[in-house]
Amino acid sequence: MDRLDVIDTCTRLVWHTDRREWDRLTEVLAEQVTLDYTSLNGGEPVTLAPAEVVNAWQETLGGFDATQHLLANHLVTVEGDSAVCTAAFQATHRKASPHGAALWTLGGTYSFNLTRGRGGWRITGVVMTATWGDGNRGLLP
């Protein structure tokens, strides 16, 4: 049962993000979340409160007309009240332009760290490792 609950928590993270359900996004985040997108953006990982994660993603991803993050091939390890879920991903970002829609798609793996509390599983860390990309990355807001 833990395995399914962990997968559900990770799926809800991308589901709420793609549906722009920003208030629901905090339901799956721990009090502090370490985000590591260095494979895509360089820099260093950051640790943020849930509201800060939501604000950052709303600013960045909210600039697209639509996004779709697909997770597959979940590998889950549970040790007591800690879990790691690694999954393959494909993320498509769409933005309308005067010349038609422009797309930016990338793929790779996500590694989610989770902890179990009274409210269920919560994500404490996200490492995104991009291994390929296609389209117009210049679409980023």
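Just so you know, numbering that gives the first Met the number 0 puts 50 at position 51 of the sequence shown, and the rest follows in order with no gaps.
Backbone N, C-alpha and C fix where the C-beta goes; we use that ideal spot for every residue, glycine too.
Just so you know, these numbers come straight off a predicted model, no measurement behind them.
Limits of the unbroken beta strand (DSSP E) element including residue i
i	result
Thr85	Ser81 to Ser96
Ala55	Segment Pro49 to Leu60 is the alpha helix (DSSP H) holding Ala55; no beta strand (DSSP E) there.
Among the options, the one whose alpha carbon lies nearest that of residue i
i	options	result
Glu26	Leu12, Asp64, Phe63 and Gly106	Leu12
Glu78	Val52, Asn112, Gln57 and Ala29	Asn112
Gly42	Pro49, Ala48 and Leu34	Leu34
Beta-carbon spacing of residue i, residue j below 8 Å
i	j	result
Thr16	Leu70	no
Ala86	Gly107	no
Burial state of residue i, where buried means 16 or more other Cβ atoms lie within 10 Å
i	result
Met0	exposed
Thr46	exposed
Thr8	buried
Ala95	exposed
Where the alpha helix (DSSP H) containing residue i begins and where it ends
i	result
Arg2	Asp1 to Asp17
Gly23	The displayed chain sequence assigns Arg, not Gly, to residue 23. Trp21 to Leu24 is the span of the alpha helix (DSSP H), which, as asked, contains Arg23.
Three-state secondary structure (DSSP) of residue i
i	result
Arg117	coil
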